[in-house]
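Residue numbers (the working numbering), protein chains in the order written: chain A, 1 to 326; chain B, 1 to 328.
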């Protein structure tokens, strides 16, 4: 029997209204369905406007969805609970088991307090009184490969972005979470130290039996270390599958474009990218009711513009929402 | 080596309260070679933007020039920037030299329509305003901006459109030298390539002679440039052609930086990519000796005591590292 996923997102829709009086809506998420398994390192790849942050916020109970469900299976339980209709006790447990990490580490910490305080607050909140606070803090700092003596007693501005982001991760580890949702947590870290944060994430998944959803626009980091990639474009999951499958055979033209666009020292042909630039340059893209990528897609045909493709199995767990594969 | 701009022992500091200085550029002697796309690469806090502004002589408090000289090589004559009368320097900017600042999308005059601004700028530099507008409309098209954007005020355009508009405005007078500071960092991948390729085309077609791109994005600049200057901790630690730096990096920082980026297709199970351990220096209190020594796996005893000299391996190929002192 296949393992039951840890968290299930089903037909999630989020509309934002724009304007104060007008009834105009922007659909940030359009029937997003996905699941997150135990001990899985997932990349949710998308650019700005893809809805990736909205999705994270709904899963973390920070923004309510318009419709659809987020279902979570608690530790030592077989049943799923809708994240948005939990009772207080369930919310408390959920907040411990599912942790979030955000993009800008400098705004995640109060600049007037030493970083120790944020860690101590988390220990008290999640583990209660009577635990050896210092021991827990040292343990989590060592788990993220920081030397506690180098960071404790410091203010946020005295630490680098990379150090602070590791402290964010350390803080998230305090309640021994089963799921970490990390929203663009490497984009403000220096490029030369990003690989270490990714390596650390990989090790946390492998050694601490937790799952990490890395929300990112950086395809190369996703390809390097994750188990599975979910590609989001304008609020729609356009492709998902095992990372190695996607690396070998990206199916959706948008996924292909993201991989093509990665810099490379050798001259390489960028078929889709150059055609997309051309389409944009000529101002050919029109708003359609079909596939959200159709206006930029070099392969788009009539059906793409009028009808939305649904996410369907291609091979094994590899799924794509594209009329080319139907 | 033929060059456009060079600096000599340039020191640019920022003044903080209580007499503390941020030594953002601390003794930099560089030559920006003429022709082609040049990358000025560094991570946050390396001093790359400060050096860029210094080379353009855009030095305003709290930034101060503590020492050094900046020379422009204009039509075969070397001119000390400080000896150019301010009015002439003003005329050089825009026509001979142009700048796309970081966060350029917020750099437009909010009270002027885009088209009006372009015409005014052309008039100021003694160029035909209608001709400039024609060039701009054509370049707008190349970047997928409608001609109607000319009749818009900056706030009426989206961030991505403003960014592209600034790129066109900064290049419309075909400057000999363009400095672009992170010109694509806030754009989506398609726009990033569209804008960079647009700029590279202007250089390759000869409309712009030399373009320096300031960036933290080493892979991107490796793809697009022919020559690189690598900055670390307020120093230029290595310069050389793109191919030399890619195939034979001389400075440990360059080498480790190149190794820290996973190539496409490499998986963590087969090859674990290592980041550079440690943290960049605090430029208020930089470490003695080489600024990279606290993180350098090849450090020797001299490295923590004495600042390494700049060693010129051959024209244009320089490294600031003790490892190469005896090898010369």
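Ideal Cβ positions, reconstructed from N, Cα and C, are used throughout, including at glycine.
Among the options, nearest to residue i - alpha-carbon criterion
i, options, result
"residue 213 of chain B", "B/86, B/185, B/15 and B/238", "B/185"
"residue 61 of chain B", "B/13, B/39, B/20 and B/89", "B/13"
"residue 114 of chain B", "B/70, B/180 and B/148", "B/148"
"residue 60 of chain A", "A/51, A/185, A/180 and A/223", "A/180"
"residue 24 of chain B", "B/44, B/34, B/17 and B/6", "B/44"
"residue 165 of chain A", "A/4, A/6 and A/100", "A/100"
"residue 218 of chain B", "B/128, B/95, B/245 and B/271", "B/245"
"residue 194 of chain B", "B/34, B/73 and B/144", "B/144"
"residue 216 of chain A", "A/8, A/56, A/326 and A/321", "A/56"
"residue 218 of chain A", "A/58, A/41 and A/261", "A/261"
"residue 156 of chain A", "A/178, A/311, A/118 and A/30", "A/118"
"residue 234 of chain B", "B/173, B/179 and B/11", "B/11"
"residue 276 of chain B", "B/286, B/298 and B/266", "B/298"
"residue 186 of chain A", "A/103, A/302 and A/19", "A/103"
"residue 172 of chain B", "B/64, B/59, B/123 and B/86", "B/123"
"residue 159 of chain B", "B/110, B/106 and B/127", "B/106"
"residue 94 of chain B", "B/110, B/76, B/83 and B/121", "B/121"
"residue 12 of chain A", "A/203, A/113 and A/69", "A/69"
"residue 210 of chain B", "B/96, B/22, B/310 and B/314", "B/96"
"residue 241 of chain A", "A/34, A/129 and A/114", "A/34"
Residue j beta carbon less than 9 Å from that of residue i
i, j, result
"residue 188 of chain A", "residue 161 of chain A", "yes"
"residue 238 of chain B", "residue 321 of chain B", "yes"
"residue 272 of chain A", "residue 298 of chain A", "yes"
"residue 97 of chain A", "residue 175 of chain A", "yes"
"residue 9 of chain B", "residue 68 of chain B", "yes"
"residue 234 of chain A", "residue 309 of chain A", "no"
"residue 220 of chain A", "residue 249 of chain B", "no"
"residue 50 of chain A", "residue 232 of chain A", "yes"
"residue 230 of chain B", "residue 253 of chain B", "yes"
"residue 276 of chain A", "residue 190 of chain B", "yes"
"residue 3 of chain B", "residue 32 of chain B", "yes"
"residue 259 of chain B", "residue 264 of chain A", "no"
"residue 169 of chain A", "residue 200 of chain A", "yes"
"residue 71 of chain A", "residue 8 of chain A", "yes"
"residue 241 of chain B", "residue 317 of chain B", "yes"
"residue 232 of chain B", "residue 140 of chain B", "no"
"residue 167 of chain A", "residue 105 of chain A", "yes"
"residue 16 of chain B", "residue 284 of chain B", "yes"
"residue 211 of chain A", "residue 178 of chain A", "yes"
"residue 239 of chain A", "residue 300 of chain A", "no"
"residue 70 of chain B", "residue 6 of chain B", "yes"
N-terminal and C-terminal residue of the alpha helix (DSSP H) that residue i is part of
i, result
"residue 161 of chain A", "161–173"
"residue 122 of chain A", "115–127"
"residue 43 of chain B", "Counting along the chain, residue 43 of chain B falls outside any alpha helix (DSSP H), and DSSP gives it neither H nor E."
"residue 94 of chain B", "86–95"
"residue 221 of chain A", "219–225"
Start-to-end residues for the beta strand (DSSP E) that takes in residue i
i, result
"residue 213 of chain B", "210–215"
"residue 100 of chain A", "98–101"
"residue 235 of chain B", "235–241"
"residue 68 of chain A", "67–73"
"residue 7 of chain B", "3–16"
"residue 14 of chain A", "7–18"
"residue 211 of chain A", "211–216"
Buried or exposed by the 16-neighbour rule on C-beta atoms within 10 Å, applied to residue i
i, result
"residue 280 of chain B", "buried"
"residue 158 of chain A", "exposed"
"residue 1 of chain A", "Interpretation of residue 1 of chain A is limited by its pLDDT of 44, a score under 50 that renders its predicted location unreliable; the figure taken from the coordinates is listed afterwards. The residue is exposed, with fewer than 16 neighbouring Cβ atoms inside 10 Å."
"residue 155 of chain B", "exposed"
"residue 107 of chain A", "exposed"
"residue 39 of chain B", "buried"
"residue 109 of chain A", "buried"
"residue 177 of chain B", "buried"
"residue 256 of chain A", "buried"
"residue 163 of chain A", "buried"
"residue 117 of chain B", "buried"
"residue 171 of chain A", "buried"
"residue 40 of chain A", "buried"
"residue 326 of chain A", "exposed"
"residue 328 of chain B", "Per-residue confidence for residue 328 of chain B stands at a pLDDT of 45, beneath the threshold of 50, marking its modelled position as unreliable; the derived number appears in the next sentence. Its Cβ having fewer than 16 others within 10 Å, residue 328 of chain B is exposed."
Would you be able to state if there are at least three C-beta pairs under 8 Å between the stretch 224–239 of chain A and the stretch 301–316 of chain B?
-> no
If we count Cβ pairs, one from each stretch, closer than 8 Å, do we get three or more for the stretch 130–144 of chain A versus the stretch 58–76 of chain A?
-> no
At least three beta-carbon pairs within less than 8 Å, the stretch 140–151 of chain A to the stretch 81–95 of chain A = no
Given 8 Å, three or more beta-carbon pairs between the stretch 9–26 of chain A and the stretch 193–211 of chain A | no
Just checking, does the stretch 100–110 of chain B make contact with the stretch 163–173 of chain B on the three C-beta pairs under 8 Å criterion?
-> yes
Three or more C-beta pairs closer than 8 Å, one from the stretch 238–253 of chain A and one from the stretch 300–320 of chain A: is that the case here?
-> yes
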